[in-house]
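Have a look at the structure below, then the notes.
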Amino acid sequence: MGIVTRMKDKWLVFRFTALVISFLFVTQASGQIDKPLFYNSSEGISQHSITAITQDHKGFLWIATRYGLHRYDGIQYRSYLDGGTDSSQLSNNVINTLLVDHNGDIWAGINGGGLGFYDYSEDHYELLPLQEGECGFGSRQVNVIFQDEQLRIWVGTDQGVYVKDKGSGCWKHYTHQKNSEQSLSSGNIASIAQDA
Numbered sequence: 006m007g008i009v010t011r012m013k014d015k016w017l018v019f020r021f022t023a024l025v026i027s028f029l030f031v032t033q034a035s036g037q038i039d040k041p042l043f044y045n046s047s048e049g050i051s052q053h054s055i056t057a058i059t060q061d062h063k064g065f066l067w068i069a070t071r072y073g074l075h076r077y078d079g080i081q082y083r084s085y086l087d088g089g090t091d092s093s094q095l096s097n098n099v100i101n102t103l104l105v106d107h108n109g110d111i112w113a114g115i116n117g118g119g120l121g122f123y124d125y126s127e128d129h130y131e132l133l134p135l136q137e138g139e140c141g142f143g144s145r146q147v148n149v150i151f152q153d154e155q156l157r158i159w160v161g162t163d164q165g166v167y168v169k170d171k172g173s174g175c176w177k178h179y180t181h182q183k184n185s186e187q188s189l190s191s192g193n194i195a196s197i198a199q200d201a
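Residues are numbered in my numbering as their position in the sequence shown, beginning at 1, plus a constant of 5.
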């Protein structure tokens, strides 16, 4: 009986040692991180103040700054800047927020310039026309863009929240109403999140 117990003890020690050694290899392998790369304005980004970064379905990095929007393909940058009166370009260079939606469309919230989305086929940004009323999007100040689990686009502005209806494409506008407990607590929306 003593020999069997010693063999079990040896087997247990061997298994424990093998387990510890395997953890050492795993932690050593996962501890190896590539050296991060740093870029500055001389390499293509027009401004050091970055407000948002996202990655699209093609692998491009989109970088929003206080002076335009930049697409990085891993080698070089392409800049999208204020086009003045050209509605096929950004209406302001200060980009507050970005979102890649479930279709792969890239939405940009523009400071004082409304809401834009990237048209891959034409390689430029389209501005959403400002339309007050029942179905339109009517705010120039876009602070945050969010997509919920039902795939609706929510846009937080200085005038409340706009929610895009998937079926009709219309925007529903929710605002702060001074004497109503059922309304938003403030008209200026800085962030949006979905409750679990």
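From the three backbone atoms N, C-alpha and C, an ideal C-beta is built for every residue, glycine too.
As the structure is a prediction and not an experimental result, all values here were calculated from the model.
Item to complete: Please specify which runs of the beta strand (DSSP E), each continuous and at least 3 residues long, are wholly inside the segment 106–185, giving them in chain order.
Response: Secondary structure in the segment 106–185: the beta strand (DSSP E) runs of 3 residues or longer, each lying completely within the stretch, are 111–115, 119–124, 129–132, 147–152, 158–162, 165–169 and 176–179 in chain order.
Discussion item. Going by the DSSP bridge assignment, what does glutamine 212 pair with across the sheet?
Written reply: The question about residue 212 has no answer, for the chain in this structure spans 6 to 201.
Practice prompt. Indicate the three-state DSSP secondary structure (helix, strand or coil) for leucine 189 in the structure shown.
Written response: Locating residue 189 in the sequence shown gives position 184, where the first residue counts as 1. In this structure, DSSP gives leucine 189 a state outside helix and strand, which the three-state scheme calls coil.
Worksheet entry | Classification of leucine 156 by the beta-carbon crowding that lies within 10 angstroms, buried from 16 upward | Locating residue 156 in the sequence shown gives position 151, where the first residue counts as 1. Exposed, because fewer than 16 other Cβ atoms sit within 10 Å of the Cβ of leucine 156.
Worksheet item: On the premise that threonine 162 lies in contact with serine 144, defined as a C-beta separation below 8 Å, what is that separation, rounded to the nearest angstrom?
Response: Within the sequence shown, numbered from 1, the residue matching residue 144 stands at position 139. Within the sequence shown, numbered from 1, the residue matching residue 162 stands at position 157. Contact between serine 144 and threonine 162 holds: their C-beta atoms lie close to 4 Å from each other, under 8 Å.
Discussion item. In whole angstroms, give me the CA-to-CA distance for leucine 104 and lysine 183.
Written reply: As a first step, residue 104 must be located in the sequence shown, where it is residue number 99. As a first step, residue 183 must be located in the sequence shown, where it is residue number 178. Answer to the nearest angstrom: the Cα atoms are 31 Å apart.
Item to complete: Express the C-alpha separation of glycine 118 and asparagine 98 in angstroms, rounding to a whole number.
Response: One-based indexing of the sequence shown puts residue 98 at position 93. One-based indexing of the sequence shown puts residue 118 at position 113. Approximately 9 Å between the Cα atoms of the pair.
Fill in: Three-state class that DSSP yields for serine 196 in the structure shown
Residue mapping note: residue 196 aligns to position 191 of the sequence shown, counting from 1. Here serine 196 sits in coil by DSSP.
Item to complete: Please name the residue in Gly73, Thr56, Ser54 and Tyr77 whose C-alpha comes closest to that of glycine 65.
Response: What you label residue 65 is simply residue 60 of the sequence shown in a count that begins at 1. Sequence inspection shows phenylalanine at residue 65; the glycine mentioned does not correspond to that position. For phenylalanine 65, the nearest C-alpha among the options comes from Tyr77.
Fill in: Proximal residues to lysine 171 (C-beta, below 8 Å), its chain only, five neighbours per side dropped
Indexing the sequence shown from 1 puts residue 171 at position 166. Around lysine 171: Gln155, Leu156 and Arg157.
Worksheet item: Thinking C-alpha only, which one of Gly73, Asp110 and Lys177 is nearest glutamate 139?
Response: The residue given as residue 139 occupies position 134 in the sequence shown. Among Gly73, Asp110 and Lys177, the Cα nearest to that of glutamate 139 belongs to Lys177.
Item to complete: Could you give the DSSP three-state label for aspartate 78: helix, strand or coil?
Response: On the sequence shown, residue 78 is found 73 positions in, with the first residue counted as 1. Under the three-state reduction of DSSP output, aspartate 78 falls in the coil class, being neither helix nor strand.
Discussion item. Helix, strand or coil for asparagine 98? Go by DSSP, reduced to three states.
Written reply: Within the sequence shown, residue 98 is the residue found at index 93, counting from 1. Here asparagine 98 sits in coil by DSSP.
Worksheet item: How long is the line joining the alpha carbons of asparagine 116 and histidine 62, rounded to whole angstroms?
Response: By 1-based counting over the sequence shown, the position of residue 116 is 111. By 1-based counting over the sequence shown, the position of residue 62 is 57. Rounded to whole angstroms, asparagine 116 to histidine 62 spans 25 Å at the Cα level.
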